[in-house]
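A.B. asks: For the sequence shown, my numbering begins at 59 and goes up steadily by one. C-beta atoms are modelled at their ideal positions from N, C-alpha and C, and glycine is treated no differently. Since this is a predicted model, take the numbers as computed values, not measurements.
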Amino acid sequence: MVHETERLLVRRKDTESEGVVSLLLEHPQGRSLASWAPGAHIDVVLPSGKVRQYSLCGDPEDTTAYRIAVLDEADGRGGSREIHDVIREGDPLSIQGPRNHFALDAASHYVLIAGGIGITPILAMARQLATEGASWRLYYGGRSKPTMAFLDELSQLGGAVTIVPQDECGHIDLEVAMTDVPTGAAVYCCGPESLITAVRDTCVRLIGSEAMHFERFAASSAVDAAPVGDTGVDHPSEFEVELRQTGCTLTVPADRSLLEVVLEANPDILYSCEDGFCGSCETRVLDGVPEHQDSILSAAEKEKGETMLICVGRSRTERLVLDA
Ligand code: FES
59 MVHETERLLV
69 RRKDTESEGV
79 VSLLLEHPQG
89 RSLASWAPGA
99 HIDVVLPSGK
109 VRQYSLCGDP
119 EDTTAYRIAV
129 LDEADGRGGS
139 REIHDVIREG
149 DPLSIQGPRN
159 HFALDAASHY
169 VLIAGGIGIT
179 PILAMARQLA
189 TEGASWRLYY
199 GGRSKPTMAF
209 LDELSQLGGA
219 VTIVPQDECG
229 HIDLEVAMTD
239 VPTGAAVYCC
249 GPESLITAVR
259 DTCVRLIGSE
269 AMHFERFAAS
279 SAVDAAPVGD
289 TGVDHPSEFE
299 VELRQTGCTL
309 TVPADRSLLE
319 VVLEANPDIL
329 YSCEDGFCGS
339 CETRVLDGVP
349 EHQDSILSAA
359 EKEKGETMLI
369 CVGRSRTERL
379 VLDA
């Protein structure tokens with residue numbers, strides 16, 4: 059696997075807005091935590107065994123703690139409810155990561171757009187850009203101000219932040235947000251699928267598709283999940299996988315996922331969405347050519363083939379060797 063599991067403690071649990079709590083996680087012996095950059099997230103292993111991904115929204119300079127924020131989703135899969143109802147200050151929580159598939163690239167100007175709890179990675183980005191004196195604007199939409207987390211922290215970042223509570227102002231004006239931006243600008247968006255789609259459409263029209271960067275909370279269209287680099291070459295539907303760490307070789311039949319087969323030999327492998335969008339099951343590829351089906355890795359990362367998401371990925375070669 060790409061990351062080791064680490065056991066941390068909940069130092070603080072705070073209410074950030076209606077329906078949103080934050081957790082501050084620290085090492086039990088006060089050791090420094092692995093460094094991270096805005097856009098990074100961690101996998102949290104809940105007491106029930108569920109694994110969920112949360113963006114880091116604290117200060118990357120503070121190596122004593124990670125902060126995450128969690129929306130209580132009544133219609134969710136139970137992870138957020140568990141954090142709200144069960145997790146207390148002083149409880150242990152296992153994590154993996156941080157990992158970052160949403161990092162800030164160099165740009166002449168940044169348009170940051172957040173919807174609801176999507177503010178978590180965007181908040182860390184805004185803080186960094188403000189500190190660096192970069193050119194940036196942030197548009198943050200939510201149902202109403204009482205439901206929008208971190209408004210106080212954002213108010214300290216100055217006039218580059220536009221708060222758009224839907225009950226007062228309607229939706230974020232994406233035309234305004236992306237009109238007259240300098241050449242070389244980048245757009246970073248995190249929020250619900252409807253917002254990402256609208257931002258992407260506007261970005262493609264006004265700036266260009268290469269400017270768009272986004273992080274979603276759920277699996278999306280088949281277009282995003284399509285394999286990259288498919289040349290039409292016939293590749294085996296059944297293949298062998300060697301798990302180098304576990305020390306065994308298994309056959310993955312055409313009707314079973316690679317993750318299912320791997321779990322039989324190594325039940326400790328982390329996974330969550332089983333749909334190629336959360337990143338939990340990212341695994342290093344030591345040999346062979348993976349066939350990617352996820353919406354996490356960039357085109358360049360898929361081309362390199364150094365890691366793969368084994369819940370949806372398969373093999374383009376007869377044999378695959380994984381660091382698992
Ligand atoms: S389990 Fe979520 S990407 Fe594989």
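Compare the beta carbon distance of T63 and V103 with 8 Å and say whether it is the shorter of the two.
C.D. replies: Translated into the one-based positions of the sequence shown, residue 63 becomes position 5. Translated into the one-based positions of the sequence shown, residue 103 becomes position 45. A contact, by the Cβ cut-off of 8 Å.
A.B. asks: Taking only the alpha-carbon atoms, compute the straight-line gap between E332 and P96 and give it to the nearest angstrom.
C.D. replies: What you label residue 332 is simply residue 274 of the sequence shown in a count that begins at 1. What you label residue 96 is simply residue 38 of the sequence shown in a count that begins at 1. Near 25 Å, if we compare the C-alpha coordinates of P96 and E332.
A.B. asks: Regarding L316 and the ligand FES, is the C-beta to nearest heavy atom distance less than 7 Å?
C.D. replies: The residue given as residue 316 occupies position 258 in the sequence shown. False, no ligand heavy atom lies under 7 Å from that Cβ.
A.B. asks: Could you tell me whether the Cβ atoms of A235 and I171 are closer together than 8 Å?
C.D. replies: Numbered from its first residue, the sequence shown carries residue 235 at position 177. Numbered from its first residue, the sequence shown carries residue 171 at position 113. Going by C-beta atoms, A235 is nearer than 8 Å to I171.
A.B. asks: Could you tell me whether any non-hydrogen atom of the ligand FES is closer than 7 Å to the CB of G332?
C.D. replies: For the purposes of this step, residue 332 is taken as residue 274 along the sequence shown, with counting starting at 1. Per the sequence presented here, residue 332 reads as Glu, with Gly not at that position. Yes - the ligand FES has a heavy atom lying nearer than 7 Å to the Cβ of E332.
A.B. asks: Assign T237 to buried or exposed, taking buried as 16 or more other Cβ atoms, counted over all protein chains shown, within 10 Å of its Cβ.
C.D. replies: Along the sequence shown, read from residue 1 onward, the residue named residue 237 stands at position 179. Looking at its Cβ environment, which holds fewer than 16 other Cβ atoms inside 10 Å, T237 is exposed.
A.B. asks: Kindly list the residues whose CB is nearer than 6 Å to the CB of I180, restricted to its own chain and excluding five residues on each side of it in sequence; keep chain order.
C.D. replies: Position 122 of the sequence shown, counting from 1, holds the residue named residue 180. Answer for I180: L170, A172 and C248, listed in chain order.
A.B. asks: Does the distance from the C-beta atom of R65 to that of L82 stay below 8 Å?
C.D. replies: Counted from its first residue, the sequence shown places residue 65 at position 7. Counted from its first residue, the sequence shown places residue 82 at position 24. Their beta carbons are not under 8 Å apart, which means R65 does not touch L82 by this criterion.
A.B. asks: Taking only the alpha-carbon atoms, compute the straight-line gap between P86 and L67 and give it to the nearest angstrom.
C.D. replies: On the sequence shown, position 28 is the one that residue 86 refers to. On the sequence shown, position 9 is the one that residue 67 refers to. So the two alpha carbons sit approximately 6 Å from each other.
A.B. asks: Pull up the CB-CB distance for P250 and G305, whole angstroms please, since I reckon it's below 8 Å.
C.D. replies: For the purposes of this step, residue 250 is identified with residue 192 of the sequence shown, where counting begins at 1. For the purposes of this step, residue 305 is identified with residue 247 of the sequence shown, where counting begins at 1. Contact doesn't hold; Cβ gap of about 43 Å is too wide.
A.B. asks: Given R274, which residues of its chain have a CB within under 7 Å of its CB, disregarding the five upstream and five downstream residues?
C.D. replies: On the sequence shown, residue 274 is found 216 positions in, with the first residue counted as 1. These residues qualify, in order along the chain: E251, I254 and F335.
A.B. asks: If we count the other Cβ atoms within 10 Å of its Cβ and call it buried at 16 or more, is E190 buried or exposed?
C.D. replies: For the purposes of this step, residue 190 is identified with residue 132 of the sequence shown, where counting begins at 1. Exposed is the call here.
A.B. asks: Based on the DSSP secondary-structure assignment, which residues constitute the bridge partners of I141?
C.D. replies: Your numbering for residue 141 matches position 83 in the sequence shown. In DSSP, I141 forms no bridge with anything.
A.B. asks: Following the continuous beta strand (DSSP E) through V222, name the residue where it begins and the one where it ends.
C.D. replies: Locating residue 222 in the sequence shown gives position 164, where the first residue counts as 1. It spans V219 to P223 - the beta strand (DSSP E) in which V222 sits, taken as one unbroken run.
A.B. asks: If you reduce the DSSP assignment to three classes, tell me which class D72 lands in.
C.D. replies: Counting from one through the sequence shown, the residue named residue 72 turns up at place 14. Looking at D72 - three-state DSSP - the assignment turns out to be strand.
A.B. asks: Can you say whether K360 is buried or exposed, counting buried as having 16 or more other CB atoms within 10 angstroms of its CB?
C.D. replies: Mapped onto the sequence shown, residue 360 falls at position 302. Result: buried.
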